[in-house]
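Remarks on the structure that follows.
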């Protein structure tokens, strides 16, 4: 991970919105960058704000710390620069800064803030619909204000850091794989640290920290420790750099376009900004900074941030001025390359006493808008960029196929097909009447043919697409699965059958597309084509009534028939001990019969029989010894079982496996690839009887492929198949 990945508020963990400000009009007067502010009520005394997509609709939302009521206020964006009414969530008193990070790695952003009055950091877990669970708190240092997040120890789990105002240092809280955070580890810094940001100043791929010290007239830099781009979660001692009176906040950006991170510090006590140029060579920083250059900024600058506000591709600075405005200093340079100097401040009206601000595209015009927290009011002010690009083109009449993905935890044969609506499916007079889902017929399922004549009409159930081929026209056959009504929804979906499930030998894809139908049967609009495959995630049950008897011809085995529709065969294994583990080395036979005579077996052997479906899933084993019946693997209602993997297939090589152990005896979890190579081998102990989960691949994700997972305990085992795709 390089510096640029850390520089935008913990990089990979925050929603980063790319703002193509180069679309701004070249003739836009500098005093018209922003329209007059609009106010939105969010809660009592909003202090600090963050922009992120909390309800996953592609539109930025806003969250603010409401210090006057010990709350977090959240407003969901509408997409035109306005917001829905706010919702508030109680947190501990004295909350300071706020960030948005996916702490529990469920793909949904969460909120974290500091509570200086109670010495804790607070996390609100996002639900994905723009609402949040009640607060969960974790101990921090004395009076924490600034907060930041990154993966400090390179274990794939977000960590936290806080600036502890009364402790004169920072605290680091490492995230735990089981959830939550470890106890804080403190590092001494300057006097009254306040604003905290994450960067990679020496470009070693390890997160570093910088904090402003409000009563020390300096900032402190803590370099992350580790090796070969992997942090260990610890930091160097603070290195201090002088700035000016009451340094309130710091922003990280490459201000002189030399490829090295620089710092901009807002000095609220004297109305200046300190520019600290990153030191290094060849475009690589060494983690140190030049002495500060101090420039006039806002009257009383509080939070500082960066952006390209005039569209010249040079980084500018923006400040929340406590005297009632947003001040912008334009970066100077030529040809889109900044030289690290800035114009004098341009002031734009905001609300009363701004303390925090955030930059993002609120109205989908690819230009940077600004949200300001007005501390002496109940409102945030929204400043929309006034020099926008021409209106976007009208939406496409064709629907957009967004995904074809497996239906989890089923017997296979189905995928979710999802699409975004046609641009004509909306408004007061929608023109689209419905959507028809088409599935491609596998080439092997149709007779190979070449059409050389034009004017042929396909049947109503099959659409023929003609594509040029070397010997004429190649025919692709599509069959209509269903026609759904159009009801002005943003997105639609259908659970479609596939033509074939994933097998141990590979993943056959099934292709789909969607047609938007209109009142005129001759006018329709086709989406893009996408494909996916289905996976049988459920193994067969354990064979019942297994018995083994010694006969002159060998050991005769019998068991009851399974009733799964996708059953392929039964596997019979032979071992010398009751605890032997079934595997390729002791497999005796694999066939669909419910009986077998092992001519090589005898009274000293033990046997295990499993059912295997045609997709390679192997169920739990029944076991028997000659002249004895199967032992039921159950303890107080707990059946030994491997209940499948989620997600399956996985797109990042990480799975969560659910399994049930009927006893506290140690178990073993083995993962092998299709070549028989062992990818993972873990001993599971100390968990006790019951249903448990375990995560695979977090520290070392599995590469793309198909894998067999086997869980073993006390001489019994069960298996399933997992798939990694991209």
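Residue numbers (the numbering used here): -7 to 718. Every residue gets a Cβ at the ideal spot worked out from N, C-alpha and C, and that includes glycine. In this text the structure is predicted, and so the values were computed from the model without any measurement.
Please identify the residue among 391, 112, 50 and 120 whose C-alpha is closest to the C-alpha of residue 521. Counting from 1 along the chain shown, the entry for residue 521 is found at position 529. The residue with the shortest Cα to Cα distance from residue 521 is 391.
Is residue 585 buried or exposed, if buried means 16 or more other CB atoms sit within 10 Å of its CB? If you number the chain shown from 1, residue 585 lands on position 593. When all chains shown are included, residue 585 counts as exposed.
Residue 259 bridges to which residues according to DSSP? Position 267 of the chain shown, counted from the first residue, corresponds to residue 259. Per DSSP, 239 and 264.
If you compare alpha carbons, which of 424, 152, 274 and 247 is closest to residue 515? The residue given as residue 515 occupies position 523 in the chain shown. Here the closest residue by C-alpha is 424.
How big is the Cα-Cα spacing for residue 334 and residue 400? The count along the chain shown starts at 1 and reaches residue 334 at position 342. The count along the chain shown starts at 1 and reaches residue 400 at position 408. Looking at the two C-alpha atoms, the distance is approximately 54 angstroms.
In chain order, each beta strand (DSSP E) run of at least 3 residues that lies wholly inside the region 481 to 554: 483 to 489, 502 to 510, 516 to 518, 522 to 524, 539 to 543 and 546 to 550
Can residue 662 and residue 718 be called in contact, C-beta distance under 7 angstroms? As a working mapping, residue 662 is identified with position 670 in the chain shown. As a working mapping, residue 718 is identified with position 726 in the chain shown. Not in contact: residue 662 and residue 718 (Cβ atoms no closer than 7 angstroms).
Pick out whichever of 408, 153, 300 and 587 has its Cα sitting closest to the Cα of residue 379. Taking the first residue of the chain shown as 1, we reach residue 379 at position 387. Among 408, 153, 300 and 587, the Cα nearest to that of residue 379 belongs to 300.
Three-state secondary structure (DSSP) of residue 576: As a working note, residue 576 is residue 584 in the chain shown. In this structure, residue 576 counts as helix in the three-state DSSP scheme.
Starting from the Cα of residue 151, find the closest Cα among 224, 698, 123 and 208 and give me that residue. Along the chain shown, one-based indexing puts residue 151 at 159. The residue with the shortest Cα to Cα distance from residue 151 is 224.
Enumerate, from N- to C-terminal direction, the unbroken beta strand (DSSP E) stretches of 3 or more residues contained entirely within the region 351 to 400. 361 to 366, 371 to 375 and 392 to 398
Count Cβ pairs between the region 365 to 378 and the region 473 to 486 that sit closer than 8 angstroms; are there 3 or more? no
Using the C-alpha atoms, what's the distance from residue 505 back to residue 199? If you number the chain shown from 1, residue 199 lands on position 207. If you number the chain shown from 1, residue 505 lands on position 513. Near 44 angstroms, if we compare the C-alpha coordinates of residue 505 and residue 199.
Would you kindly check if the distance between the Cβ of residue 563 and the Cβ of residue 604 is under 7 angstroms? On the chain shown, residue 604 is found 612 positions in, with the first residue counted as 1. On the chain shown, residue 563 is found 571 positions in, with the first residue counted as 1. Cβ distance < 7 angstroms, so residue 604 and residue 563 count as in contact.
Contact defined as beta carbons within less than 8 angstroms: I believe residue 215 pairs with residue 228. What is the distance between those atoms, to the nearest angstrom? Numbered from its first residue, the chain shown carries residue 215 at position 223. Numbered from its first residue, the chain shown carries residue 228 at position 236. About 4 angstroms; that satisfies the 8 angstroms criterion.
Would you say residue 148 reaches chain C, if we count a Cβ-Cβ gap shorter than 7 angstroms as a contact? Judged by its chain identifiers, the structure shown contains no chain C, having just a single protein chain.
Classification of residue 252 by the beta-carbon crowding that lies within 10 angstroms, buried from 16 upward: Walking along the chain shown from the start, residue 252 turns up at place 260. With 16 or more Cβ atoms within 10 Å of its Cβ, residue 252 is classed as buried.
If you compare alpha carbons, which of 57, 688 and 69 is closest to residue 361? Translated into the one-based positions of the chain shown, residue 361 becomes position 369. Of the listed residues, the one whose Cα sits closest to residue 361 is 69.
Here's the rule: buried if 16 or more other CB atoms are within 10 angstroms of the residue's CB, otherwise exposed. What is residue 615? Along the chain shown, one-based indexing puts residue 615 at 623. Residue 615 should be labelled buried.
For residue 130, the three-state DSSP class (helix, strand or coil): Reading the chain shown from its first residue, position 138 is the one you call residue 130. Three-state result, residue 130: strand.
For residue 631 and residue 706, what's the separation of their Cα atoms in angstroms? Counting from 1 along the chain shown, the entry for residue 631 is found at position 639. Counting from 1 along the chain shown, the entry for residue 706 is found at position 714. Each residue's Cα considered, the two are about 13 angstroms apart.
When 206, 148 and 671 are compared against residue 695, the one with the closest alpha-carbon: Locating residue 695 in the chain shown gives position 703, counting from the first residue. Minimum Cα distance to residue 695 is reached at 671.
According to DSSP, is residue 19 part of a helix, a strand, or is it coil? Taking the first residue of the chain shown as position 1, residue 19 is located at position 27. Any reading at residue 19 needs caution, since the residue's pLDDT is 49, under 50, leaving its predicted position unreliable; the model's value is listed next. In the structure shown, residue 19 sits in coil (DSSP, three-state: anything other than H, G, I, E or B).
Under a three-way DSSP split, which group does residue 607 fall into? For the purposes of this step, residue 607 is taken as the residue at position 615 of the chain shown. Three-state result, residue 607: coil.
Going by beta carbon distance, what residues of the same chain come within less than 8 angstroms of residue 628, once the five residues before and after it are set aside? To locate residue 628, count along the chain shown from 1; it is residue 636. Any reading at residue 628 must be qualified, since the residue scores a pLDDT of 44, below 50, and its modelled position is unreliable; the value itself is stated next. 654 and 681.
With a threshold of 16 other CB atoms inside 10 Å of the CB of residue 126, please say whether the residue is buried or exposed. The residue labelled residue 126 in the question sits at position 134 within the chain shown. By the neighbour-count rule (16 or more Cβ atoms within 10 Å), residue 126 is not buried but exposed.
On the three-state DSSP scale, how would you describe residue 448? As a first step, residue 448 is located in the chain shown; it is residue number 456 there, counting from the start. Caution applies to residue 448, whose pLDDT of 37 falls short of 50 and renders its modelled position unreliable; the model cannot decide the point.
In terms of residue numbering, what span does the beta strand (DSSP E) encompassing residue 75 cover? Translated into the one-based positions of the chain shown, residue 75 becomes position 83. No beta strand (DSSP E) holds residue 75; DSSP gives it neither H nor E.
With a 10 Å radius around its C-beta and 16 neighbouring C-beta atoms as the bar for buried, classify residue 282 as buried or exposed. As a first step, residue 282 must be located in the chain shown, where it is residue number 290. Per the 10 Å Cβ criterion, exposed.
Should residue 220 be labelled buried (16 or more other beta-carbon atoms within 10 Å of its own) or exposed? Along the chain shown, read from residue 1 onward, the residue named residue 220 stands at position 228. Exposed, since its Cβ has fewer than 16 Cβ neighbours within 10 Å.
Residue 206 and residue 186 closer than 7 angstroms at C-beta: Taking the first residue of the chain shown as 1, we reach residue 206 at position 214. Taking the first residue of the chain shown as 1, we reach residue 186 at position 194. Yes, Cβ-Cβ distance for residue 206 and residue 186 is below 7 angstroms.
As an exercise, report each continuous beta strand (DSSP E) stretch of at least 3 residues that is fully enclosed by the region 670 to 713, in chain order. 670 to 676, 682 to 688 and 697 to 705
Proximity below 7 angstroms, CB of residue 266 to CB of residue 231: Reading the chain shown from its first residue, position 274 is the one you call residue 266. Reading the chain shown from its first residue, position 239 is the one you call residue 231. No.
Out of 279, 203, 319 and 342, point me to the one whose CA is closest to residue 196's CA. As a first step, residue 196 must be located in the chain shown, where it is residue number 204. Ranking 279, 203, 319 and 342 by Cα distance to residue 196 puts 279 first.
6 angstroms CB neighbourhood of residue 218 in its chain, flanking five on each side removed: Counted from its first residue, the chain shown places residue 218 at position 226. Hits under 6 angstroms: 198 and 224.
The beta strand (DSSP E) with residue 38 in it runs from where to where? Taking the first residue of the chain shown as 1, we reach residue 38 at position 46. Residue 38 -> beta strand (DSSP E) spans 38 to 44.
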